Amino acid sequence: MTQAPFATHEVFNQSPPFWNVDLFTSDAPLVAAVAANGGAAAEGELSEFGRHWGSAAMADRGRVANENTPKLRTFDAKGHRRDEVEFHPAYHELMADSAHAGVHNSTWNADGAPAGGASEVIRAAKFYIASQVETGHLCPITMTRASVAALAEEPDLLARVMPVLGTRSYHPAFAPWWTKHGMTIGMGMTEKQGGTDVRSNMTWAERDGDAYRITGHKWFMSAPMCDAFLVLAQAEEGLSCFFMPRFAPDGSVNAIRFQRLKDKLGNRSNASSEVEFHEAYAERVGAEGKGIRTIIQMVQLTRQDCAIASAGLMRSGLAHALHHARHRSVFQKHLADQPLMQAVLSDMALHVEATVALVMRLCRSFDRAPVDAKEAGYMRLLTPAIKYWVCKSAPGFLYEAMECVGGNGYVEEGILARHYRESPVNAIWEGSGNVMCLDVLRALSREADAALAVFHDLAAETQGLSGATEAIASIGKALRRPDGERMARLAVEKLALLAAAAALNAVSPRQAELFAATRLAGNHPSMYGAVELPSEDIRGLLERALP
Ligand SMILES: Cc1cc2nc3c(=O)[nH]c(=O)nc-3n(C[C@H](O)[C@H](O)[C@H](O)COP(=O)(O)OP(=O)(O)OC[C@H]3O[C@@H](n4cnc5c(N)ncnc54)[C@H](O)[C@@H]3O)c2cc1C
């Protein structure tokens with residue numbers, strides 16, 4: 000439909016909306032990374048998903064769900080406690096779309112065992128695509144998917160939960176989970192006095208027959224409308240993990256009292272609560288005193304998703320920037336044809352190519368870990384390193400993407416302002432930057448042989464790439480120093496870069512060499528575009544990034 004022009008001016012030289020694109024097939028590095036990691040057979044399914052999530056209607060849902068933030072309804076009009084959170088219908092639609100595609104459970108079989116094949120890679124591609132449209136709702140989606148790994152410690156409970164969690168239905172009703180045809184699960188670890196140091200948790204659990212009664216608080220507990228939460232609390236034998244449902248077995252509302260919702264920088268469509276438990280009913284998951292060991296199974300998976308989502312946010316930033324640059328003229332020439340803008344965009348495209356190759360490689364290790372000890376070693380060592388590097392690189396990247404779009408990038412009607420506000424959280428939650436670096440050191444010291452095998456493989460996979468040998472030597476040198484902990488950021492970043500070069504080399508060797516030459520052979524400059532790439536490579540990178 001043509002619209003009437005303004006009385007004083009005509010609108011021109013603005014890029015059209017980046018809508019109604021297939022977010023899978025329009026992303027050649029994603030297609031290649033999925034295929035290289037065993038997911039080629041799912042291309043049709045992923046393209047269908049990519050078209051749906053790339054539609055104008057989905058972009059609108061994402062916007063509306065963030066503009067109409069969730070509201071805590073603590074009491075009803077007569078003063079009775081409600082403890083419900085209301086969401087805009089757009090949020091529920093996003094949840095339903097993700098659930099229908101199995102983003103919350105497709106890596107598990109109906110019995111809760113790992114689905115195997117390339118299920119991690121295929122689901123990761125969906126998570127990556129969905130995060131380009133709306134990231135807030137992915138919080139309960141990732142926690143639900145990840146919870147199964149911890150519930151596996153309690154086979155009876157898992158067997159009860161899976162028939163509900165294992166469906167592809169989204170059932171938001173406030174009702175006991177066992178009466179529903181779909182459910183979500185959240186997690187409560189962080190307390191006021193400590194999030195990293197969960198051993199300082201003060202919430203306590205007292206036995207009540209076969210179950211427990213939990214009293215205490217959580218300072219951050221996201222997605223409070225979940226049907227149940229995996230919660231840490233002190234029991235007689237020490238810190239333990241519990242399954243705390245919203246309804247007690249007798250059908251009464253469990254004593255989970257929400258205090259308020261956080262007012263957050265980003266992640267606005269998602270509610271994050273402060274909560275108290277008043278002898279709330281809960282079932283133990285795993286042995287008493289082994290709470291961290293139990294819940295870490297879940298956390299390993301949410302860390303993986305943090306990296307995937309950050310990669311998706313950056314992909315979206317790149318796609319919007321490139322799309323805009325191809326339509327916007329400055330000094331009679333499209334921005335995409337200006338040499339300096341090409342230098343910026345191609346360097347960003349290289350970062351995203353390496354990132355998507357790396358996260359898909361990581362997901363293959365999750366697929367293979369149950370049957371391949373080497374892949375289990377890769378998963379253990381690289382998950383924290385990749386979460387660290389990918390998530391921490393996202394805010395700076397998105398800032399640059401916004402700038403490529405100019406003033407339009409900075410306003411809320413475009414998606415980039417929202418992506419930018421969203422991007423820091425993936426580095427902060429589920430283990431902040433330093434904690435990830437310390438976790439890499441822990442893996443190196445506790446599982447030294449497995450880590451050594453990973454380094455050997457990375458050395459072989461990066462053989463001949465500029466700076467790879469020196470990178471391996473410098474990681475070893477940093478870690479051998481007596482003050483190794485202080486050098487951990489240096490070593491972990493290099494490790495992630497090395498793994499990215501290796502992953503990219505398996506997908507597209509030319510891009511891997513460019514990545515190695517600009518990131519391993521020397522430090523990458525602090526700004527995108529301050530590297531020298533050959534003209535034909537600049538063209539190739541930008542064509543691959545967006546046809
Ligand atoms: C939007 C949002 C939603 C959240 N949702 C949830 C949720 O659903 N459930 C939940 O349990 N938690 C949730 N969290 C909490 C989050 O996981 C914690 O904030 C995070 O783990 C950090 O804990 P903290 O805030 O207590 O910081 P601290 O633990 O005090 O850490 C502060 C800083 O110190 C660093 N640090 C810690 N230890 C060391 C060390 N030994 N050496 C050097 N540096 C160190 C950390 O890296 C961090 O940068 C959420 C947080 C946010 C922002």
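Note that numbering that gives the first Met the number 0 has the sequence shown beginning at 0, numbered continuously upward.
Note that CB positions come from ideal geometry on N, CA and C, so glycine has one too.
These numbers were taken from a predicted model, which means no experiment stands behind them.
Taking 6 Å as the limit between beta carbons, can you name the residues of its chain near residue i, skipping five residues before and five after?
{"i": "T134", "result": "A308 and E421"}
{"i": "V530", "result": "D346 and T517"}
{"i": "A501", "result": "L457, E460 and T461"}
{"i": "A499", "result": "A353 and L357"}
{"i": "Y169", "result": "M94, A95, A98 and G181"}
{"i": "L380", "result": "A442, A450 and V453"}
{"i": "G393", "result": "In the sequence as displayed, the identity of residue 393 is Ala instead of Gly. Here the set comprises S309, L312, M313 and S422."}
{"i": "A342", "result": "G528"}
{"i": "A384", "result": "V439, V491, L494 and A495"}
{"i": "G290", "result": "L231, L238, S239 and C240"}
{"i": "P145", "result": "For the sequence presented, residue 145 should be read as Ala rather than Pro. For A145, where only same-chain residues beyond five positions count, the Cβ hits under 6 Å are M297, L300 and T301."}
{"i": "N67", "result": "H87"}
Less than 8 Å between the C-beta atoms of residue i and residue j, yes or no?
{"i": "F48", "j": "F11", "result": "no"}
{"i": "L513", "j": "L497", "result": "no"}
{"i": "E235", "j": "E287", "result": "yes"}
{"i": "A490", "j": "L478", "result": "yes"}
{"i": "R267", "j": "N65", "result": "yes"}
{"i": "G413", "j": "K386", "result": "no"}
{"i": "T106", "j": "R122", "result": "yes"}
{"i": "G38", "j": "V120", "result": "yes"}
{"i": "H319", "j": "F17", "result": "yes"}
{"i": "A306", "j": "C390", "result": "yes"}
{"i": "A27", "j": "R543", "result": "yes"}
{"i": "F548", "j": "H350", "result": "Residue 548 falls outside the range modelled here, since the chain spans only 0 to 546, and no answer is possible."}
{"i": "G101", "j": "L157", "result": "no"}
{"i": "S46", "j": "D75", "result": "no"}
{"i": "G61", "j": "V160", "result": "no"}
Between residue i and chain B, is the shortest Cβ-Cβ distance under 8 Å, so that the two count as touching?
{"i": "R325", "result": "The structure shown contains no chain B, having only a single protein chain."}
Could you give the distance in angstroms between the alpha-carbon of residue i and the alpha-carbon of residue j?
{"i": "N253", "j": "E92", "result": "27 Å"}
{"i": "E275", "j": "R256", "result": "5 Å"}
{"i": "F5", "j": "T183", "result": "48 Å"}
{"i": "M526", "j": "N104", "result": "39 Å"}
{"i": "S444", "j": "V284", "result": "28 Å"}
{"i": "G553", "j": "G466", "result": "Since the displayed the chain opens at 0 and closes at 546, residue 553 lies outside it and no answer follows."}
{"i": "T468", "j": "A450", "result": "17 Å"}
{"i": "P69", "j": "Q331", "result": "46 Å"}
{"i": "E282", "j": "P223", "result": "18 Å"}
{"i": "L334", "j": "S328", "result": "6 Å"}
{"i": "I294", "j": "L339", "result": "48 Å"}
{"i": "D82", "j": "C225", "result": "12 Å"}
{"i": "A247", "j": "A227", "result": "10 Å"}
{"i": "I537", "j": "Y90", "result": "39 Å"}
{"i": "L137", "j": "R167", "result": "15 Å"}
{"i": "E535", "j": "Q337", "result": "15 Å"}
{"i": "D438", "j": "M486", "result": "13 Å"}
{"i": "K373", "j": "A124", "result": "23 Å"}
{"i": "G78", "j": "L29", "result": "52 Å"}
{"i": "A348", "j": "V506", "result": "15 Å"}
{"i": "N269", "j": "G185", "result": "12 Å"}
{"i": "Y419", "j": "A149", "result": "32 Å"}
{"i": "R50", "j": "P369", "result": "33 Å"}
{"i": "R488", "j": "D249", "result": "50 Å"}
{"i": "A375", "j": "S364", "result": "6 Å"}
{"i": "D371", "j": "A279", "result": "41 Å"}
{"i": "S221", "j": "L264", "result": "14 Å"}
{"i": "G521", "j": "S473", "result": "12 Å"}
Excluding sequence positions up to five away, which residues of its chain have a Cβ less than 7 Å from the Cβ of residue i?
{"i": "T382", "result": "Q299, R302, Q303 and L361"}
{"i": "P546", "result": "S25"}
{"i": "V85", "result": "The displayed chain sequence assigns Glu, not Val, to residue 85. P69, K70 and R72, listed in sequence order."}
{"i": "L415", "result": "G316, H319, L397, A400, M401, V404 and G408"}
In chain order, what residues of the same chain lie with their CB nearer than 8 Å to the CB of residue i, ignoring the 5 residues before and after it?
{"i": "T583", "result": "Nothing can be reported for residue 583, as the shown portion of the chain is limited to 0 through 546."}
{"i": "L503", "result": "E352, A353, A356, L357, Q510, A511 and F514"}
May I ask you to verify whether the region 321-332 touches the region 400-410, counting CB pairs closer than 8 Å and requiring at least 3?
-> yes
At a cut of 8 Å, does the region 175-187 reach the region 114-131 through at least three beta carbon pairs?
-> no
Taking contact to mean at least 3 C-beta pairs separated by less than 8 Å, is the region 161-174 in contact with the region 191-204?
-> no
Counting Cβ pairs closer than 8 Å, one from the region 259-278 and one from the region 217-226, do we hit at least three?
-> yes
Touch check for the region 203-215 and the region 237-253: three-plus C-beta pairs under 8 Å?
-> yes
Would you check if there are 3 or more beta carbon pairs closer than 8 Å linking the region 309-319 to the region 141-151?
-> no
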